[in-house]
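Only one structure is covered here, and it is reproduced in the block below.
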Amino acid sequence: MSAPAVPPPAGPVPFDRMVDEDQNIPDLSRRQLNGISSVLRALARGTYPRVDCVPLALNAYNCNGRSKGGDPDAADDMEQPWAYFHSVTTVTPYEQQLRRRPEVHLDARIRADLEKPWASIRTGEAARRDEDSARYRFICFIHKHSIALSRAKTQKSVYTISIWDREWDELTYHDLYATERPKRQREIQRFWTFARAPGLVVPSDPGTEARDAFLARIRYRTVYYAAARAEDTLRGPVPPRHTLYAVMAVAMVHMDGAARDLHVSIVRDRFEIFGGNARALLPRLFAHLLRLCLDSSPALSGGARAAFVSDLRILGRMGWMAKHVRAELEAYAERDAAERAEGDDDEEGDDDEEPDVQLGLIYALLNI
Numbered sequence: 282m283s284a285p286a287v288p289p290p291a292g293p294v295p296f297d298r299m300v301d302e303d304q305n306i307p308d309l310s311r312r313q314l315n316g317i318s319s320v321l322r323a324l325a326r327g328t329y330p331r332v333d334c335v336p337l338a339l340n341a342y343n344c345n346g347r348s349k350g351g352d353p354d355a356a357d358d359m360e361q362p363w364a365y366f367h368s369v370t371t372v373t374p375y376e377q378q379l380r381r382r383p384e385v386h387l388d389a390r391i392r393a394d395l396e397k398p399w400a401s402i403r404t405g406e407a408a409r410r411d412e413d414s415a416r417y418r419f420i421c422f423i424h425k426h427s428i429a430l431s432r433a434k435t436q437k438s439v440y441t442i443s444i445w446d447r448e449w450d451e452l453t454y455h456d457l458y459a460t461e462r463p464k465r466q467r468e469i470q471r472f473w474t475f476a477r478a479p480g481l482v483v484p485s486d487p488g489t490e491a492r493d494a495f496l497a498r499i500r501y502r503t504v505y506y507a508a509a510r511a512e513d514t515l516r517g518p519v520p521p522r523h524t525l526y527a528v529m530a531v532a533m534v535h536m537d538g539a540a541r542d543l544h545v546s547i548v549r550d551r552f553e554i555f556g557g558n559a560r561a562l563l564p565r566l567f568a569h570l571l572r573l574c575l576d577s578s579p580a581l582s583g584g585a586r587a588a589f590v591s592d593l594r595i596l597g598r599m600g601w602m603a604k605h606v607r608a609e610l611e612a613y614a615e616r617d618a619a620e621r622a623e624g625d626d627d628e629e630g631d632d633d634e635e636p637d638v639q640l641g642l643i644y645a646l647l648n649i
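Numbering (my numbering), first residue to last: 282 to 649.
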């Protein structure tokens, strides 16, 4: 089947216009900037981000061609595959009748990319990836489930994630919360049995050979006990909504390992993963999104720039976030300084103020 007549994206979906195509920096709309900013504020304050903005923030991690600041082994932009995050899907509780088939609507540019052959890492084809190659390795779906933890039966949200990996043509489902995990697995099995997902799942009805072949490619990763160990320590339940941080951390593991890690779907069962508080997880996402907002918004200059950063100030009780974000931003500054040193043929003095600006942003951000 021929690829849809859709022009290739200038940058990662859903970003339509680019400020700098060479550096892969998008021209963020006001709505996109506000959405990413809301996630940054939540991470800085230790609160839960707006669920509808989480896929946008994770998609934005594909942007900005400069290698991730704190990762010396990060691939350059052409080597680094992308990950696409669909809007959050609400999963029908298993005890309720499925009144309509779940709908998965992939952006036309994602469907066009899925039509392209994948340059495999394990066969060495990835080394020959070019502008005409498929860019997306992962197609990701964050799922919202319901759970009742008290006698009052008040419904709380639990989040899980399904990730289609084109390296293996497999869908891996991750559930990092122990309570009622078997029930959620049955819900996801039913979700993918009946989901309409053109471009990802062949357009076939449940019970057909093609649909059964897709279902056979699903792997269920449920051997996560960090949340249960935390509950044993706290002698009480971990808030189910905390799983939103956990699935964001799983997403970061996949995105940073996309270029080289064949078995990135095997995510470690660690407190740092469940909490997302390792340096390479939510702190790295924070630092990257902060720089992206500043790079992609020329209107944020002078006082507006300082006010924007000040609004994202990390609270004192979030010491681990402040420590790791500072390390990431300092690594970015060192990389920028090295790039400027290599560009000596540029006019002398063009970027003299850049290191001081970056240092000032770090101090404003951390309130030190």
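Don't be surprised by glycine CBs; every beta carbon is placed ideally from N, CA and C.
By the C-beta criterion, the stretch 568-576 is judged not to be in contact with the stretch 372-385, since fewer than 3 inter-stretch pairs fall below 8 Å.
DSSP places ILE595 outside both helix and strand once states are collapsed to three, so it counts as coil.
DSSP places LEU387 in the coil class of the three-state scheme, outside both helix and strand. In the DSSP assignment, LEU337 falls within the alpha helix (DSSP H) that extends over 335-341.
For LYS425, the closest alpha carbon among the candidates VAL335, ASP450, HIS605 and SER318 is that of VAL335. In this structure, HIS523 lies away from ASN558, with their beta-carbon atoms at least 9 Å apart.
Leaving aside the five residues that flank PRO520 on each side, the residues in its chain whose CB is nearer than 8 Å to its CB run, in chain order, LYS437.
A distance below 6 Å between beta-carbons, with the five flanking residues on each side excluded, links VAL332 to the following residues of its chain, in chain order: VAL369. One Cα belongs to VAL483, the other to ARG492, and the distance between them is close to 7 Å. When the beta-carbon positions are compared, ILE420 and LEU387 come within less than 9 Å of each other. Spanning the alpha carbons of LEU575 and ALA588 requires a straight line of approximately 12 Å. The continuous beta strand (DSSP E) containing LEU452 extends over residues 451-455. CYS421 carries a strand assignment under DSSP once its states are collapsed to helix, strand and coil. ARG477 is bridged by DSSP to GLU384. Taking C-beta atoms under 8 Å as the contact rule, LEU452 and ILE444 qualify, at a distance of about 7 Å. Its chain contains SER443, ILE469 and TYR501 as the residues whose beta carbon lies nearer than 6 Å to that of TYR454, once the 5 sequence neighbours on both sides are disregarded; these appear in chain order. Out of GLU611, MET602 and PRO487, the CA that lies nearest to the CA of GLY327 is found in MET602.
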